[in-house]
Amino acid sequence: MVFREKNSRGSFKPHLSVKFKSVEGDLVTFSIDTTRTPAKYQQPDAYLITHAHSDHNGKSAMLSERAVCSEKTALALEIRHQRKYAGRTFKVGETIDVKGVKIQTFPNFHTVGSVSFMWENELGTRILVTGDVKDASMLPECDLLITEANYGDPGDTSCYFDDDITGFENAFRDNSSIAFGAYAFGKAQRAVELLRGFGYQGAIEMDEQSLSLTRTLLEDAGELTYLGDSCEDCISIVPPWDLGKLPSHISKYVMTGRSDYRYPAIQISDHLDARGLVTMVEDIDPEFTVVYHPNGHRPGIFAKHLCSIGFNALSIDMINNVLSNEFV
1 MVFREKNSRG
11 SFKPHLSVKF
21 KSVEGDLVTF
31 SIDTTRTPAK
41 YQQPDAYLIT
51 HAHSDHNGKS
61 AMLSERAVCS
71 EKTALALEIR
81 HQRKYAGRTF
91 KVGETIDVKG
101 VKIQTFPNFH
111 TVGSVSFMWE
121 NELGTRILVT
131 GDVKDASMLP
141 ECDLLITEAN
151 YGDPGDTSCY
161 FDDDITGFEN
171 AFRDNSSIAF
181 GAYAFGKAQR
191 AVELLRGFGY
201 QGAIEMDEQS
211 LSLTRTLLED
221 AGELTYLGDS
231 CEDCISIVPP
241 WDLGKLPSHI
251 SKYVMTGRSD
261 YRYPAIQISD
271 HLDARGLVTM
281 VEDIDPEFTV
291 VYHPNGHRPG
301 IFAKHLCSIG
311 FNALSIDMIN
321 NVLSNEFV
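Okay, so the sequence shown: first residue is 1 according to UniProt numbering, each after it adds one.
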């Protein structure tokens with residue numbers, strides 16, 4: 001049973017939970033990318049955290065000993081929120097045991113340490129929770145798919161894109177002094193990986209949080225330094241809103257698909273576009289799909305589109321109605 005919990009104010013908590021019977025016949029509940037349940041109420045058996053972006057609510061779940069996430073996601077959560085991670089960790093690709101349930105983990109390449117989770121219930125139903133996905137090539141087939149729709153509106157032209165890796169490389173090679181605007185967690189690490197992949201061996205200067213996250217999460221980050229450490233001819237990586245604080249002679253670009261920044265944008269996304277999301281579902285070939293992320297209208301639009309091409313699907317906003325009907 002896929003369901004949503006309500007908080008003390010009567011509003012739905014973020015995202016969802018899954019209640020099922022384990023292979024041994026025990027009733028088990030996994031909460032997915034959601035906030036903690038107050039201690040006075042019954043707790044789930046695990047809070048599954050797919051990655052450390054704030055809209056997946058790890059800031060709350062990380063404080064529970066029932067939290068489950070990858071080692072690098074735990075490190076990212078600790079750096080981002082200055083709190084000690086209290087749960088259990090694993091290496092991406094490992095199989096772990098939670099209350100007798102064997103959970104397989106798969107890379108989805110959204111951020112460093114991000115994972116998808118899969119397990120089976122008493123009936124042998126394979127349940128796959130993807131989290132946000134950049135590359136679905138290593139995700140397995142399943143019976144129940146629980147997935148995202150960040151760019152899941154096939155009628156919106158902004159949901160179709162290809163990463164402009166060539167544009168990023170050209171900007172790097174054509175400017176002797178350059179800065180890239182990139183979010184501290186996710187995009188900043190991707191920028192460093194791209195630059196090193198292009199053969200750049202020089203220093204990269206970063207803001208404090210980007211630097212801490214990159215040094216901790218990337219094994220081959222090369223020479224990194226704090227922004228403002230008098231580094232000559234360094235490439236700078238800072239949050240997009242800090243580009244204006246850098247000297248005017250520096251060429252500035254933003255790694256984004258958005259068009260509302262004052263600086264030139266280079267399309268680099270951490271997500272599949274609409275075509276990629278549809279292909280992912282076709283390849284995984286589930287019997288049923290639940291679209292749980294993000295907030296807003298896109299989960300509903302993507303679920304309707306999946307139904308229109310022959311898949312059984314619903315979005316998170318419909319779950320409160322389904323619980324009292326045939327899905328139970």
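For every residue, glycine included, the Cβ atom is placed at its ideal position computed from N, Cα and C.
Please check the pair residue i and residue j, which I expect to be a contact at CB under 8 Å, by giving their CB distance rounded to whole angstroms.
{"i": "Tyr151", "j": "Leu277", "result": "7 Å"}
{"i": "Ala76", "j": "Phe185", "result": "6 Å"}
{"i": "Leu243", "j": "Gly181", "result": "5 Å"}
Using DSSP with H/G/I as helix, E/B as strand and the rest coil, what is residue i?
{"i": "His51", "result": "coil"}
{"i": "Ser324", "result": "Note that Ser324 scores 36 on pLDDT, short of 50, meaning its location in the model is unreliable and no value can be drawn from it."}
{"i": "Phe172", "result": "helix"}
{"i": "Ile204", "result": "strand"}
{"i": "Ser64", "result": "coil"}
{"i": "Asp242", "result": "helix"}
{"i": "Thr256", "result": "coil"}
Less than 8 Å between the beta carbons of residue i and residue j, yes or no?
{"i": "Ser315", "j": "Gly296", "result": "no"}
{"i": "Thr214", "j": "Leu224", "result": "yes"}
{"i": "Thr34", "j": "Asn57", "result": "yes"}
{"i": "Asp153", "j": "Phe302", "result": "yes"}
At which residues does the beta strand (DSSP E) containing residue i begin and terminate?
{"i": "Glu5", "result": "Segment: none, Glu5 is in no beta strand (DSSP E) and carries neither H nor E."}
{"i": "Glu148", "result": "144 to 148"}
{"i": "Ser269", "result": "Ser269 -> no beta strand (DSSP E), and no H or E assigned at all."}
{"i": "Phe90", "result": "88 to 90"}
{"i": "Phe20", "result": "16 to 21"}
Check for me: the alpha helix (DSSP H) holding residue i runs from which residue to which?
{"i": "Pro299", "result": "298 to 308"}
{"i": "Val278", "result": "274 to 284"}
{"i": "Thr73", "result": "71 to 81"}
{"i": "Arg126", "result": "Arg126 -> not in any alpha helix (DSSP H); beta strand (DSSP E) instead, spanning 126 to 129."}
{"i": "Glu193", "result": "187 to 197"}
{"i": "Ser116", "result": "Premise fails: Ser116 lies in the beta strand (DSSP E), 115 to 120, not in any alpha helix (DSSP H)."}
{"i": "Lys134", "result": "No alpha helix (DSSP H) contains Lys134, which DSSP labels as neither H nor E."}
Looking at the ligand ADP, does it come within less than 7 Å of residue i, judged from the CB to the closest heavy atom?
{"i": "Ser64", "result": "The model on display carries no ligand, and the ligand ADP is accordingly not part of it."}
Just checking: is the beta-carbon of residue i within a distance shorter than 8 Å of some beta-carbon in chain B?
{"i": "Tyr47", "result": "Within the model displayed, chain B is absent; a lone protein chain is all it includes."}
- Query: Is it true that the region 40 to 51 meets the region 123 to 134, where meeting means three or more beta-carbon pairs spaced less than 8 Å apart?
  - Reply: As far as the Cβ criterion goes, the region 40 to 51 touches the region 123 to 134, which means the pair count is three or higher.
- Segment contact, 8 Å Cβ cut-off, at least three pairs: the region 101 to 113 with the region 58 to 75: A contact exists between the region 101 to 113 and the region 58 to 75.
- Task: Inspect the CB distances between the region 248 to 255 and the region 171 to 183 and report whether three or more fall short of 8 Å.
- Result: In short, these stretches touch, since the Cβ pair count reaches three.
- Three or more beta-carbon pairs under 8 Å between the region 285 to 294 and the region 141 to 151, yes or no? Short answer: they touch.
- Can you find at least 3 beta carbon pairs, one from the region 13 to 33 and one from the region 98 to 108, that sit closer than 8 Å? Segments in contact, yes.
- Item | Cβ contact (3+ pairs, closer than 8 Å) linking the region 200 to 214 and the region 262 to 273 | Contact between the region 200 to 214 and the region 262 to 273 is absent, with fewer than three C-beta pairs closer than 8 Å.
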